[in-house]
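Chains as they are written, first to last, in the working numbering: chain P, 207 to 350; chain S, 207 to 350. Even for Gly, the Cβ is constructed at its ideal location relative to N, Cα and C. Down below is the structure, laid out as structure tokens.
Protein chains: 2
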Amino acid sequence: MFSKACQYGIKAAIFIAVNSQENRRVNLKVIAKEISSPVAFTAKVLQILTKNGIIDSVKGAAGGFEIKNDQLDKIMLSDIVTSIDGDTVYRSCGLGYGNCSEITPCAVHFQFKHIREELKVMLETTSLLDLSNNINDELTFLKR
Amino acid sequence: MFSKACQYGIKAAIFIAVNSQENRRVNLKVIAKEISSPVAFTAKVLQILTKNGIIDSVKGAAGGFEIKNDQLDKIMLSDIVTSIDGDTVYRSCGLGYGNCSEITPCAVHFQFKHIREELKVMLETTSLLDLSNNINDELTFLKR
DNA sequence: TTTAATTCGGATATTTTTGTCCGATTTAAA
DNA sequence: TTTAAATCGGACAAAAATATCCGAATTAAA
């Protein structure tokens, strides 16, 4: 469904969100350890998220990554996915046709239409706040 | 969502299905041309489908690929997808955790659960007959 | 002011996916 | 029986994704 880079990005963003709620800035090493991802590769992913304004980075000693608390409910899963993987997963044709549409539908268009739309809605309505609240309430996990 | 190999596999299977309904056997070159795919790579994909019993191959001159007509309603999209990409798209965790489940759900488990289930049902209930009928009725296209 | 901790960014390496090539085998038809 | 058309399968090549390395820039704290 999503690339590894994207999975790391989602996990990292949630971890940063959870910590930002407690006003804790977290650095690359801590993030990578928490989400069991390769450090240097995770750095690349975090750079993408930073450039796209999804997370904030602070250079230097005591630096790291954080998200402004008033942004947590505005950052959606779709923002993260789009930054890293683009929007093809939930927008483009299931068979990869560039010209597949409602008027000229490919062989699986009507089967995928509904699922794509549900995925889109889900990604666009699930915020980092929702996800980090679930972690805080111990309804879900991030590290295993 | 699916690998290119899988997209080629789905397209090829539908094309073979459409032709099998008319009792026409089609060969690799014709298939690859129809679905605009690289010939040799498509050969590999067709071999996978053949080994998995989804399509039948006939060697030698006048050989090619076909599907028995009484099988068309029994071959589901899920059979093709599983053969080529495996079942991770519609079975495994959205974040890639091996131990994510209903009792120990990952951070996005409940968001993805519904979509994964819908995708699974769709793939398991859409047959090659359904898809080739739509092509025959010109409700959908395969080649563009 | 120096040091250590940190992100940034470019280069490189490895692995996986995608794609190509070609000889072996099979088989219908000339 | 020969030939041509086809699949099969192994080796190889290219591209993309994943992962690593390292020096530069930044900055808090000693």
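Could you name the residues of chain S that residue i contacts, counting a contact when the two beta carbons are closer than 8 Å?
i: residue 324 of chain P; result: 320, 321, 324
Quick check: residue i and residue j, are their CB atoms within less than 8 Å of each other?
i: residue 273 of chain S; j: residue 285 of chain S; result: no
i: residue 357 of chain P; j: residue 209 of chain P; result: In the structure as shown, chain P starts at 207 and stops at 350, and residue 357 of chain P therefore has no counterpart that could be examined.
i: residue 283 of chain S; j: residue 332 of chain S; result: yes
i: residue 334 of chain P; j: residue 252 of chain P; result: no
i: residue 341 of chain S; j: residue 313 of chain P; result: yes
i: residue 270 of chain P; j: residue 232 of chain P; result: yes
i: residue 214 of chain S; j: residue 256 of chain S; result: no
i: residue 207 of chain P; j: residue 304 of chain S; result: no
i: residue 226 of chain P; j: residue 275 of chain P; result: yes
i: residue 237 of chain S; j: residue 222 of chain S; result: yes
i: residue 321 of chain S; j: residue 309 of chain P; result: no
i: residue 212 of chain P; j: residue 264 of chain P; result: no
List the residues of chain P whose Cβ lies closer than 8 Å to the Cβ of residue i, in chain order.
i: residue 217 of chain S; result: 301, 313
Check the DSSP bridge columns for residue i and list the partner residues they point to.
i: residue 264 of chain P; result: P:270
i: residue 232 of chain P; result: P:271
i: residue 328 of chain P; result: According to DSSP, which records beta bridges pairwise, residue 328 of chain P is partnered with nothing at all.
i: residue 282 of chain P; result: P:333
i: residue 312 of chain S; result: P:347
Give the residues of chain S in contact with residue i, contact being defined as C-beta atoms less than 7 Å apart.
i: residue 207 of chain P; result: 207, 295, 300
Interface residues of chain P around residue i at Cβ under 7 Å?
i: residue 328 of chain S; result: 317, 321
Just the chain S side, please: which residues come within less than 9 Å of residue i by C-beta, in chain order?
i: residue 348 of chain P; result: 301, 312, 313
Chain-ordered residues of the region 301–319 of chain S with a beta carbon less than 9 Å from chain P: 301, 302, 303, 304, 305, 306, 310, 311, 312, 313, 314, 315, 316, 317, 318
Can we say the region 234–243 of chain P touches the region 213–225 of chain P, given the rule of at least three CB pairs closer than 8 Å? yes
Should the region 292–307 of chain P be called in touch with the region 324–342 of chain P, which here means at least 3 C-beta pairs below 8 Å? yes
Positions along the region 210–242 of chain S whose CB lies within less than 8 Å of some CB in chain P: 210, 213, 216, 217, 220
Please list the residues of the region 332–343 of chain P that have a C-beta atom closer than 7 Å to any C-beta atom in chain S, keeping them in chain order. 332, 337, 340, 341
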